[in-house]
Amino acid sequence: MIAETDTLRLAPGVMLRQDRTREQWTLLGPERVLVLDELALEVVRACVQGGGSVGTGIDRLAAEFQAPRAEIAGDVLELLQDMRERGFIAG
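Heads up: the sequence shown begins at 188 in this note's numbering, then just goes up one per residue.
Okay, here's the thing in structure tokens:
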């Protein structure tokens, strides 16, 4: 399970790419693609590319969206765990 103290990164070979033709963001890895909605993109930016711990990313998201931290923390951790199980993030 992912913890708030974890520091995550994109898995080897995975890149965050914008598909301008389809106007969507994706995580592109060897033989796999994950299309990100707006919220998933913000989670990746805050918690994976943000340079800090997952908890720091959750703090940023709670402030940005003016949402109760406890309310979004569970959803963020669940999303990140799914991305890790599918091989898109590591750490």
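Glycine included, each C-beta is placed from N, C-alpha and C at the ideal position.
Which first and last residues belong to the beta strand (DSSP E) in which R219 is found? 219-223
According to DSSP, what are the bridge partners of L215? Paired residue(s): M202, V220.
With 16 as the cutoff for other CB atoms within 10 Å, does A233 come out buried or exposed? That one is buried.
Where G278 and T192 are concerned, what is the direct C-alpha to C-alpha distance, given to the nearest angstrom? 11 Å
Going by C-alpha to C-alpha distance, which of R207, L214, R256 sits closest to R196? L214
Applying the criterion that 16 or more other CB atoms from any shown protein chain within 10 Å of the CB defines a buried residue, is F275 buried or exposed? buried
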